[in-house]
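J.:
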Amino acid sequence: MSDHPISTPRRRQIVTLVHARGYMSNEDLAQQLGVAVQTIRRDVNVLADQGHLARHHGGASPPSTVENIAYDERQILNPRAKDAIGRCAAALVPNRSSLFINIGTTTESFARALGEHRDLRIITNNLHVAATLSGRADFRTVIAGGTIRPQDGGIIGAGAIESLSAFRAEFGIIGISGIEEDGTLLDFDLDEIQCARTIIRHSRRVMLLADHTKFSRHPMGRVGDLSDIDDFITDRTPSADFQARMAAANVTLHIAKS
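Numbering-wise, the sequence shown is residues 1 to 258 according to UniProt numbering.
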């Protein structure tokens, strides 16, 4: 991510939109923001020079497939969709269940949606999830040991993997940074990927929470594929080809309504 601060609210909106969509034309950005295409073109040029975007003929895309969007930007991307996904996933988890919850803003929405649940046992490598749930007297929340990633409160490293490996839970609630059309599940950080794989191996039922923008993002790291999950909770119906791949992998699709 660039060290250059983004100077205006409009330019921050441009970066947020492009990161969410994977690519946007200058015309689409102009329509979304209600300004002239020439204004967008100038903004994109500045943002590309500062490293916030990759400039293309007629549009812009995120600058890298090796670095995630900053946590504070991810918090404001599609919040209604993430909250709806969180509520939909929470409705699938009965009281008195045990569950892993991994790193991510969508899994944090899921944690906030557990307010009406009772007697849960939670293992997490996400400090924000732990802070949300630890005040409940009838919840037992276990935080994985390891190295705290300061930018997003994720707990990673060998200690986190060892801590997660000490448990087996009924549900594994995971987020993801990108999904390929062939069903490959992707993320940016190798340490985070190893933690997610550990949760998948130690869960009886794995639930993937991801909004539709993850189909336009293509990190380099492979977490797994559709055969590793049981339920996919998202906010828009995927393509027919992707649904066919889900059916072949016995994955149940849940469309969250906001």
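Every residue, glycine too, gets a C-beta built ideally from N, C-alpha and C.
Here the structure is a predicted model, which is why all the values come from computation and not from measurement.
Residues in its own chain within less than 8 Å of Ile85 by CB, not counting five upstream and five downstream?
T.: Reading the sequence shown from its first residue, position 85 is the one you call residue 85. Once the five neighbours on either side are set aside, the close Cβ partners of Ile85 are Thr106, Ser109, Phe110, Leu209, Ala210, Asp211, Ile233, Thr234, Asp235, Ala256.
J.: Helix, strand or coil: which one does DSSP assign to Ile173?
T.: Numbered from 1 along the sequence shown, position 173 holds the residue referred to as residue 173. Strand, per DSSP.
J.: So does the region 165 to 176 actually touch the region 145 to 153, counting three or more Cβ pairs closer than 8 Å?
T.: no
J.: So who's on the other strand from Ser134, going by DSSP bridges?
T.: As a working mapping, residue 134 is identified with position 134 in the sequence shown. Looking at the DSSP assignment, Ser134 forms no beta bridge with any residue, so it has no partner.
J.: Do Ile179 and Phe215 have their C-beta atoms closer together than 9 Å?
T.: Start at 1 with the first residue of the sequence shown, and residue 179 comes out as number 179. Start at 1 with the first residue of the sequence shown, and residue 215 comes out as number 215. Against a cut-off of 9 Å, the Cβ pair of Phe215 and Ile179 comes out as a contact.
J.: Count the other C-beta atoms from every protein chain shown that fall within 10 angstroms of the C-beta of Ser258, then say buried if there are 16 or more, exposed otherwise.
T.: Numbered from its first residue, the sequence shown carries residue 258 at position 258. When all chains shown are included, Ser258 counts as exposed.
J.: Nearest to His117 by alpha carbon, out of Val93, Ala131, Ala54?
T.: In the sequence shown, the residue the question calls residue 117 occupies position 117. Checked all of Val93, Ala131, Ala54; the closest Cα to His117 is Val93.
J.: Considering only the beta carbon of each residue, do Ile6 and Gln38 sit closer than 9 Å?
T.: For the purposes of this step, residue 6 is identified with residue 6 of the sequence shown, where counting begins at 1. For the purposes of this step, residue 38 is identified with residue 38 of the sequence shown, where counting begins at 1. Contact flag unset, no.
J.: Please state whether the Cβ-Cβ distance between Lys99 and Ser165 is less than 9 Å.
T.: Within the sequence shown, residue 99 is the residue found at index 99, counting from 1. Within the sequence shown, residue 165 is the residue found at index 165, counting from 1. It should be noted that the sequence gives Leu, not Lys, for residue 99. The beta carbons of Leu99 and Ser165 sit no closer together than 9 Å.
J.: Measuring alpha carbon to alpha carbon, tell me which residue in Leu253, Thr213, Thr237, Glu192 is nearest Gly159.
T.: The residue labelled residue 159 in the question sits at position 159 within the sequence shown. Comparing Cα-Cα distances from Gly159 to each of Leu253, Thr213, Thr237, Glu192, the minimum goes to Glu192.
J.: Do you know whose CA, among Leu185, Lys82, Ala196, lies nearest Arg222's CA?
T.: As a first step, residue 222 must be located in the sequence shown, where it is residue number 222. It is Leu185 whose Cα lies nearest to the Cα of Arg222.
J.: DSSP state of Leu17, grouped into three classes?
T.: Within the sequence shown, residue 17 is the residue found at index 17, counting from 1. The answer is helix: DSSP assigns Leu17 an H, G or I state.
J.: Arg42 lies in the alpha helix (DSSP H); which residues open and close that run?
T.: Locating residue 42 in the sequence shown gives position 42, where the first residue counts as 1. Its alpha helix (DSSP H) spans residues 37 to 49.
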